[in-house]
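One structure is given below, encoded as structure tokens.
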Ligand code: NDP
């Protein structure tokens, strides 16, 4: 992000506006409003390093307005609306999202640099998340608890209230769907703060919500900086819950900041997921998955299998196959159909990735391929890096322990199931894991011992609206997706009704 331009400059087409796509308004209470204490900020296209859009950023006062609007909508139409009606509105929203998906993909690619072939496939599926959560909106039933004839006891599921959704830049619209879908289905209202690097698509989402007829204030979108706008949202006493995807360090800051108001939190944080390949695996298929899960999203996804654990007899073959496949990865301009891998999403992430590549070398890992920034010709000002492979990695090295978030695979050898499990679990993270084997017994034995929120066997990164997703250990709190996602947005009220109306006098004797 560059410094904020003056609002009037941008709105009036003055300096700094040349050729930029303009988003001069926030979406609050069903209206498009200029920021009160924010400004207009340029969003950088990571493939060129130059601005491509000028976007309204809100400040704390804008968050105050958005929270008031969300509260009003919560107390007003939304929480009281019959679930079936909420579902119908969400289905309409899902249809509009589906119809706009191709354009949304282009916008996400401009903002995040993710290759268009990836954003197209990804975003084309998002409407199914919204549809699926819509289908849950009228099924928020509690249960009856049998005790005895003297009481009738039951639970009711009630929406938690106003939700602050704080999203990252790597997969902005997917992580948004994972929060906005279940929150709205549960009867909550939302203030969405997208990442500073990728604000555009969230504002387009607001437009779809408006067109779908969601009541004013049900979804509010306030782009802004995390340390200021995001922090104000977290501390706000009118917000009941924060749903966050991002870095663990940020989650800890959010927890401290939100402690005073004892909000609810759900966190989807990082990963250093083991992708385990046993010698009895179908190696061709395993390589398809292992290379894809090393380099997709330019390595910028918490779900990727950045630690590739390989049984020693096939270790050299796997390293060779990684090197060969790296030559087939087409790094290029992200809007071109042929491109497999675009740039890193922003300059800081590029610097972080390159610094980890240096760390890997210094730690004594063997750089098999890649490792350099690509900055010749059309790549000159973009944030491109080569697909990178380190062999001879051991699990004590920082490149095996810390989340790089770049297209860097670390290949680690192991001997037998016990060692595979020990290495896989020797991490503070616990988000995902993959394992490849031809032995169904081993598939069960090993997957049952892995400390991760999701384990894939003979596949990888299979994620749907209905599959719960979230982390053990420091990878997060709570689950997104699946019916479990609703737990993040609902409180349980237990009601106990006496059928006799009698209550003993404690002081009779
Ligand atoms: P952050 O955790 O800082 O950002 C995620 C979101 O949180 C953004 O919207 C950000 O706003 C906001 N935020 C930042 N600070 C605060 C705060 N104090 N209060 C409220 N909201 C805040 O991640 P980064 O963008 O800095 O990425 C750093 C690293 O985090 C990556 O290299 C990667 O390792 C990891 N990461 C993991 C993700 C995942 O999917 N689990 C996603 C993204 C990153 P703003 O954009 O202004 O900073």
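In the working numbering, the protein residues as written are 1299 to 1807. Quick reminder that beta carbons are idealized off the backbone N, C-alpha and C, glycines included.
Asked, Found
"Pairwise C-alpha distance: residue 1795 and residue 1590", "56 Å"
"Any non-hydrogen atom of the ligand NDP closer than 7 Å to residue 1543 Cβ", "yes"
"Residue environment, residue 1687, which counts as buried when at least 16 other CB atoms sit within 10 Å", "buried"
"Cα-Cα separation, residue 1469 to residue 1799", "55 Å"
"Closest Cα partner of residue 1672 within the set 1423, 1428 and 1642", "1642"
"Short Cβ contact (8 Å threshold) for residue 1597 with residue 1443", "no"
"Those residues which DSSP pairs with residue 1572 across a bridge", "1605"
"Local Cβ density within 10 Å of residue 1708, reported as buried at 16 or more and exposed below that", "buried"
"Nearest-angstrom Cα separation, counted from residue 1553 out to residue 1748", "27 Å"
"Spatial distance of residue 1769 from residue 1728 (CA atoms)", "5 Å"
"Residue 1599 versus residue 1558: straight-line alpha-carbon distance, rounded", "31 Å"
"Where residue 1681 falls: helix, strand or coil (DSSP)", "coil"
"Same chain only: Cβ atoms within 7 Å of residue 1780, ignoring 5 sequence neighbours per side", "1764, 1765 and 1766"
"Own chain residues within Cβ distance below 6 Å of residue 1588, not counting five before or after", "1573 and 1606"
"Where residue 1773 sits in the DSSP three-state scheme", "helix"
"Distance CB(residue 1743)-CB(residue 1700) smaller than 8 Å", "no"
"Assigned exposure category for residue 1647 - 16 Cβ within 10 Å defines buried", "buried"
"Beta-carbon spacing of residue 1576, residue 1735 below 8 Å", "yes"
"Burial state of residue 1623, where buried means 16 or more other Cβ atoms lie within 10 Å", "buried"
"Burial state of residue 1760 (16 or more Cβ within 10 Å)", "exposed"
"Whether residue 1360 touches residue 1318 by CB criterion (8 Å)", "no"
"Residue 1408 and residue 1343 closer than 8 Å at C-beta", "yes"
"Assigned exposure category for residue 1787 - 16 Cβ within 10 Å defines buried", "buried"
"Inter-residue spacing [alpha-carbon to alpha-carbon] between residue 1803 and residue 1367", "47 Å"
"Whole-angstrom distance between residue 1792 and residue 1410, CA atom to CA atom", "45 Å"
"Range of the contiguous beta strand (DSSP E) that encloses residue 1349", "1348 to 1355"
"Segment contact, 8 Å Cβ cut-off, at least three pairs: the region 1522 to 1538 with the region 1652 to 1671", "no"
"Reduced DSSP category for residue 1598 - H, G, I as helix; E, B as strand; rest coil", "coil"
"Closest by C-alpha distance to residue 1461, when choosing among 1391, 1434, 1510 and 1533", "1533"
"Residue 1779: CB within 7 Å of a non-hydrogen atom of the ligand NDP", "no"
"Residue closest to residue 1422, alpha-carbon to alpha-carbon, out of 1518, 1398 and 1432", "1398"
"Residue 1321 to residue 1658 span [Cα, whole Å]", "41 Å"
"Residue 1654: CB within 7 Å of a non-hydrogen atom of the ligand NDP", "no"
"Buried/exposed call for residue 1604, threshold 16 Cβ in 10 Å", "buried"
"Residue 1518 beta carbon near the ligand MN (any heavy atom closer than 7 Å)", "Looking at this structure, you won't find the ligand MN anywhere; what it does contain is the ligand NDP."
"Contiguous alpha helix (DSSP H) assignments of at least 4 residues, all confined to the region 1395 to 1435", "1414 to 1434"
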